[in-house]
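In short: position in the sequence shown from 1, add 66, done, that's my numbering. Beta carbons are placed, not taken as given, at the ideal position from N, Cα and C, and that holds for glycine. None of the values given here were measured: they were computed from a predicted structure. I have placed the structure first, in the form of structure tokens, so that the comments after it can refer back to it.
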Amino acid sequence: MNTQREGSTFLNAPINRRSFLGLLAAGAATIGVPSLLASCAQSEPLPGDSAKGGGGAPTATSDGSIAPSYQPIQYVEPDFPSVNGTLPGYTSRPDFVKAYDAPPGSGVTITAAAPTWSPIPDTKGQYFTAINEAIGNTIDLNLLSGNDIWDIAQTRLADANSLPDWFALPTWTVSGNAKFGSEIAPAVFEDLTSHLTGDKVLEYPHLANIPTEAWMNSSWENKIYAIPMPGGALDMTYFYRKDLLAEKGITEVAPTSIDDLFAMYKEINDPGAGRYATLNPWTALTNIAFGVQSGWTVIDGKVIHRMETDNYFDCLDFVAKCYKENLVHPDDSAGRQTFLDGNVYFNGDGLGGWREMVASQVGVNETFEMDAVVPFGYNGGEPVYWRAAPASFWSFIKKGIGEEKIKAILTSADFLAAPYGTEEYDLVANGVEGVHYNLGEVGEPVKTELGNTEVVPSYMFLASPPGVAADFQYPGYVETYSAYSAAAGQYIKSSPFLGINVVVPDEYRDIEAGISDLETEVQRGRASIDVMRERVDQWRKDGGDALRDYYKKILDELPA
């Protein structure tokens with residue numbers, strides 16, 4: 067499918083700061099899954115996050131013709147296998163094996179930049195030197211402040227000459243720009259299709275281990291422009307304080323309907339003691355109980371938006387009922403800490419937060435115990451869990467650096483993407499044993515003072531393997547996490563638009579204005595469900611029905 071817009075002079079024009087800032091300031095594309103920004107901020111699922119688009123047809127690997135061949139590779143058997151893309155679990159440190167007999171690089175020097183949300187270390191230190199020696203290429207890495215990455219992205223892309231050879235960005239910094247795939251990427255970044263499409267990716271076996279959906283999500287105009295950081299199939303999760311519920315005599319949390327959950331809320335709620343049943347459950351329950359997709363999908367053969375489903379309105383109604391009964395903590399901004407402090411029994415959070423929460427309580431609250439609600443059908447039917455975003459980071463290769471350097475970067479990326487169970491993974495994740503870490507009582511890596519200084523999340527944003535659950539130093543964590551993942555994994559469903567970067571035409575940029583705020587008003591009881599239904603009817607008239615036809619056209623062009 068050819069989606070290049072005719073008449074564009076951008077590709078023939080000189081690249082300058084003003085033209086790029088103008089492109090970056092232009093609107094957003096709708097993606098059929100929540101962005102990393104939505105996941106990290108734990109905001110409500112985007113109902114179709116549209117802004118000013120570029121019109122035309124979808125700009126993605128929408129026909130699947132150029133997707134790299136997917137060849138899973140596993141060096142050590144997990145104790146808990148993946149279920150439909152969930153993270154495999156390891157309950158002890160395995161015997162690590164070498165993925166490479168010798169450094170795979172060819173002595174090429176590569177300039178690179180990636181964000182980090184940690185204090186920025188000296189990238190000439192022992193950790194970075196050890197990785198360069200193991201790869202056989204020199205990655206001259208510039209670490210950038212993650213807190214400033216939005217501004218940095220705009221500044222760097224505004225002056226293409228300032229870009230390094232290899233540049234990593236969170237998906238949300240570029241996925242919202244309607245012109246990224248049609249004009250910015252072709253002018254600034256290498257088209258990697260000829261290197262990675264089909265079986266060509268097998269030259270890089272660890273990149274071939276990245277699932278197809280993540281590669282599709284890294285493609286625009288039917289061309290591969292980025293190396294994805296793959297995400298797990300599960301994200302938004304509804305956690306509960308198992309220890310606090312046990313004090314109430316509740317030893318099992320397995321609701322089979324929303325009425326079961328509401329009855330439990332009523333039983334445990336104690337506002338007088340400052341302990342509420344839950345923080346706002348809207349985001350979590352749309353996923354866990356009501357099966358409300360984000361954006362557009364296909365249900366019973368029809369292209370449909372989340373706001374057009376009974377599930378959506380039933381979830382709104384349920385949350386409003388919870389607020390009316392004073393079952394929800396009044397401070398929405400309280401977040402995770404309120405859950406950790408024991409002021410709520412239930413809280414929605416990203417699945418990756420599980421490990422962070424368990425780790426935060428070591429030496430703080432030894433009786434702390436948490437678990438997660440397995441997806442259930444709110445009306446007693448079959449649960450549906452909509453698959454999470456397939457990628458959270460992209461790394462790009464600067465256009466025009468030459469074949470030798472492109473191959474050197476892909477070789478380096480293949481090294482960085484070596485999966486758990488390899489010495490290469492261990493080096494990237496933990497540094498050099500005896501220098502950056504020592505093994506603890508149960509074989510877990512324990513960082514040294516130098517390790518704490520040098521080994522920060524950095525290379526992972528350039529390239530990384532699919533994740534694992536291997537924090538076995540926390541008793542019972544991997545087992546509980548994996549049991550939940552296996553139970554939830556059986557209900558995962560993928561939208562046919564998963565991973566497809568879809569540009570929404572200009573004329574529909576504002577049709578969802580105010581809907582998120584209205585959702586909040588309905589939940590708080592300050593507006594009725596009928597008002598929301600009227601707003602959705604208006605949305606259809608303003609362009610929702612036209613967008614349905616637009617997405618139907620995309621669907622028709624997908625492979626059978």
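For Val254, the nearest candidate out of Thr237, Leu223, Glu391 (CA to CA): Of all alpha-carbon atoms in Thr237, Leu223, Glu391, the one lying nearest the alpha-carbon of Val254 is that of Leu223.
Residue environment, Ser260, which counts as buried when at least 16 other CB atoms sit within 10 Å: By the 10 Å Cβ count, Ser260 comes out exposed.
Within 8 Å, strictly: CB atoms of Ala454 and Ala299: Between Ala454 and Ala299, the gap from beta carbon to beta carbon is short of 8 Å.
The region 567-584 in contact with the region 608-621 per 3-pair CB rule at 8 Å: Between the region 567-584 and the region 608-621 there are three or more C-beta pairs closer than 8 Å, enough to call the two in contact.
Those runs of the alpha helix (DSSP H) which lie wholly inside the region 136-221 and span at least 4 residues: Qualifying alpha helix (DSSP H) stretches, in chain order: 192-201.
DSSP bridge partner residues for Thr630 (one or two, in chain order): No answer is possible for residue 630: it lies beyond the span of the chain, which begins at 67 and ends at 626.
Per-residue burial, Ile595 [other beta carbons within 10 Å of its own, 16 or more giving buried]: Exposed, since its Cβ has fewer than 16 Cβ neighbours within 10 Å.
Helix, strand or coil at Glu499 [DSSP, three-state]: Here Glu499 sits in strand by DSSP.
Residues that DSSP places opposite Asp583 in a beta bridge: Bridge pairing for Asp583: absent [DSSP].
3 or more residues per run - each beta strand (DSSP E) lying fully within the region 364-430: Those beta strand (DSSP E) runs which fall completely within the region 364-430 and span 3+ residues are 368-371, 410-416.
Cβ pair Pro321, Phe442 closer than 8 Å: Judged by beta-carbon spacing, Phe442 lies within the 8 Å limit of Pro321, meaning their Cβ atoms are closer than that value.
Backbone secondary structure at Ile276 - three-state DSSP: The answer is coil: DSSP assigns Ile276 none of H, G, I, E or B.
Gly264, DSSP secondary structure in three states: DSSP places Gly264 in strand when its eight states are reduced to three.
N-terminal and C-terminal residue of the alpha helix (DSSP H) that Trp238 is part of: Counting along the chain, Trp238 falls outside any alpha helix (DSSP H), and DSSP gives it neither H nor E.
Beta strand (DSSP E) segment containing Ser458, residue limits: Where Ser458 is concerned, the enclosing beta strand (DSSP E) starts and stops at 457-463.
Whole-angstrom distance between Val174 and Ser461, CA atom to CA atom: The straight-line gap from Cα to Cα measures roughly 18 Å.
Sub-8 Å separation of Pro170 and Thr477 beta-carbons: Yes, they are a contact pair.
Segment limits, alpha helix (DSSP H) that includes Met526: Counting along the chain, Met526 sits inside no alpha helix (DSSP H), nor does DSSP assign it H or E at all.
Contact check, Ile620 vs Gly151, beta carbons under 8 Å: No; because the gap between Cβ atoms is not below 8 Å, this pair is not in contact.
Neighbourhood of Tyr331 by C-beta, 6 Å cutoff - its chain only, sequence neighbours within 5 removed: Same-chain partners within the cutoff: Ala343, Leu393.
Contacting residues, own chain, Cβ-Cβ under 7 Å from Asp145 (five flanking each side not counted): Counting only Cβ-Cβ distances below 7 Å, and skipping sequence neighbours, we find Gly155, Tyr156, Thr157.
Proximal residues to Tyr617 (C-beta, below 6 Å), its chain only, five neighbours per side dropped: Once the five neighbours on either side are set aside, the close Cβ partners of Tyr617 are Trp362, Val369.
Within 8 Å, strictly: CB atoms of Ala234 and Pro181: Yes, Cβ-Cβ distance for Ala234 and Pro181 is below 8 Å.
Distance between Phe412 and Tyr304 (C-alpha atoms, nearest Å): The alpha-carbon atoms of Tyr304 and Phe412 are separated by roughly 7 Å.
The beta strand (DSSP E) enclosing Lys314, as first and last residue numbers: Where Lys314 is concerned, there is no enclosing beta strand (DSSP E), because DSSP gives it neither an H nor an E.
Neighbourhood of Ile56 by C-beta distance below 6 Å, restricted to the same chain and skipping five residues each side: A query on residue 56 cannot be resolved here, the shown segment of the chain reaching from 67 to 626 and no further.
Among Glu470, Glu469, Tyr543, nearest to Arg421 - alpha-carbon criterion: Checked all of Glu470, Glu469, Tyr543; the closest Cα to Arg421 is Tyr543.
Whole-angstrom distance between Val450 and Ala126, CA atom to CA atom: Residue placement at Ala126 is flagged as unreliable, the pLDDT there being 41, under the threshold of 50; the coordinate-derived value follows with that caveat. The C-alpha of Ala126 lies about 26 Å from the C-alpha of Val450.
Asp615 (DSSP reduced to helix, strand or coil): Here Asp615 sits in helix by DSSP.
Among Val385, Asp336, Ile365, Glu318, nearest to Ala350 - alpha-carbon criterion: Closest by C-alpha distance to Ala350, out of Val385, Asp336, Ile365, Glu318, is Val385.
Separation of Ala425 from Asp437, as counted between CA atoms: Distance between the alpha carbons of Asp437 and Ala425 is about 14 Å.
Cα-Cα separation, Pro511 to Tyr503: Taking the straight line from one Cα to the other gives about 6 Å.
Residue from Gly418, Phe356, Ile197, Ile139 with nearest C-alpha to Asp492: Of Gly418, Phe356, Ile197, Ile139, the residue nearest in Cα terms is Ile197.
Reduced DSSP category for Ala479 - H, G, I as helix; E, B as strand; rest coil: DSSP places Ala479 in helix when its eight states are reduced to three.
DSSP state of Thr433 mapped onto helix, strand, coil: DSSP places Thr433 in coil when its eight states are reduced to three.
Tyr550: first and last residue of the uninterrupted alpha helix (DSSP H) it sits in: Looking at the DSSP string, the run of the alpha helix (DSSP H) that includes Tyr550 is 543-555.
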